[in-house]
Amino acid sequence: MHYRDFGKTGLKVSLLGMGCMRLPFKDENDGSKGVNREKAYELIRYAADNGVSYFDTAYGYHATDSEAVLGEALEEGGRRQNVTIVTKQPFGVMSSQGDIRRNLENTLKKLRTDYIDVYLLHCIMQPTWQAIQEREIFKEFEKFKAEGLIRHIGFSYHGQFPTFKEVCEKYPWEMCLIQQNLLDVNREVTEQAIFTAHKNNIAIAIMEPLRGGGLVRAPKAVADIYDSYAVKRGAAEWAFRHLVNYPEIGTIVSGMSTMEQLKENIEMFSKPDMLAGCLSDEEKNIIISAREAYNSIVTIPCTECGYCTPCPYNVDIPGAFRLYNDGQRFNNFDQPKRSYMFTRRGGRGVGECTACGECTPKCPQEINIPKELQTAHKALDGWEE
Ligand code: SF4
Ligand code: SF4
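Counted from 1, the sequence shown has number 286 at position 270 by our numbering; the numbering is strictly sequential.
So, in structure tokens, the structure goes:
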């Protein structure tokens, strides 16, 4: 495993970070039944014992259960002392200044720890940024830091670059968590976010390096491009290498749900050449060609972050988009249609959508959710058995 300095925090963190928003479910087809604790403990402990030192969670992940699962897993064997825990509190649960402290105390209890290594203001977006400043949320975080409850202060961001730049310049944050991957270099927060955060001396963690798993399996057009290169690598490795190449990035957070994925990733991030500046000009051109090939395939840009959920009418929004995107990218809708049949039978299909519009403002990707759900439904509906 490679490790990198993490800006002014003084921490050294593993280049591969473990995201705890995609822990294994009890029922892999129905996340509402909760996390499979035994499998999740096994994954987290394996990661901690095999070089991963950065663990990312949040107040709301897994219906507010992720922090507890992480805390329970790391408590055994004193692993907690050897790792960096980063968690987040969203503005949406900060109704009063007292709430902010209560939420942190609850988080500390769930994580079974006396301190959080880096505490993030979760998911700053353009619409909340003004209110965050007016409420002087930073000052509450600074009190926690002075009391030793948190050691460093940061933020995670979803949105466009101009507000991101303003956020970076407004406060001496110690770290930020931003979405980047080989498809989004010029999209949303853009590659400029990496350079801007670095210029402002803010350590950088990357989320969605594989676009919610979408970059793991390359469609034929992309696979052909990767296969044209002398060194044979899987699509996930190309996507990771694209990010590893940036010296400004401290860690790349991947949400791993199976032992197979975790082991593969640890092995990949332990290769001697997984270093900043690892890409040759030829490899950079391969990635540019792959991006163009991906972009030529029409998909809905859902990262499956889950911020739009729960839908009051029980529609499985990210699930419908995932199935649609899988069908598009692999040019085969058989399996997605079959899976969607079960979604429909479970009362979670797009047919339940009333177009109430409650979900759309919550989407960091600015997807017109009711409209795109209909696109997905049209492509996915019709399978019976
Ligand atoms: S618009 Fe449809 S999917 Fe969105 S919250 Fe309303 S019912 Fe649910
Ligand atoms: S539709 Fe938007 S908010 Fe909902 S899961 Fe996808 S990206 Fe996230």
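Think of the CB as a built atom: it goes at the ideal place given N, C-alpha and C, for glycine as much as any other residue.
How would you label residue i, buried or exposed, when you count the other beta carbons within 10 angstroms and need 16 or more for buried?
i	result
P352	buried
V331	buried
Q113	exposed
K126	buried
A74	buried
A336	buried
E204	buried
G164	exposed
C379	buried
R361	exposed
F211	exposed
I302	buried
For ligand 1, I want to know if residue i counts as a neighbour, meaning its beta carbon is within less than 8 Å of at least one of the ligand's heavy atoms.
i	result
T376	yes
V232	no
T391	no
E320	no
G373	yes
P386	yes
P334	no
P328	yes
E368	yes
Among the options, which has the Cα closest to the Cα of residue i?
i	options	result
H78	K49, N197 and F71	K49
G76	S296, A89 and C324	C324
T267	L59, G67 and E54	G67
G83	T103, S69 and K378	As written in the sequence, residue 83 is Glu, which differs from the Gly given in the question. Taking only the C-alpha atoms, the option nearest E83 is T103.
K394	D43, L339 and I153	L339
T100	H168, L278 and F107	H168
C321	E264, A246 and H174	H174
E190	Y262, T391 and G170	G170
A89	C36, E44, A237 and Q105	C36
A309	M141, P106, P326 and L199	L199
D130	P263, F160 and P106	F160
I265	N281, I282 and I222	I222
Could you pull out every residue in the same chain whose Cβ sits closer than 7 Å to the Cβ of residue i, ignoring the five residues on either side in sequence?
i	result
E224	Q195, N197 and T319
A234	Y242 and A251
T370	Y329
V109	Y75, D115 and N119
C327	I333 and C375
Taking only heavy atoms of ligand 2 into account, decide whether any of them is closer than 8 Å to the Cβ of residue i.
i	result
Q381	yes
Y340	no
Y77	no
C324	yes
With a CB to CB cut of under 8 Å and the five nearest residues on each side skipped, what residues in its chain are close to residue i?
i	result
T376	C324, I383, N384, I385 and P386
P40	V51, N52, K55, A56, L59, S273 and T274
F349	G343, A395 and L396
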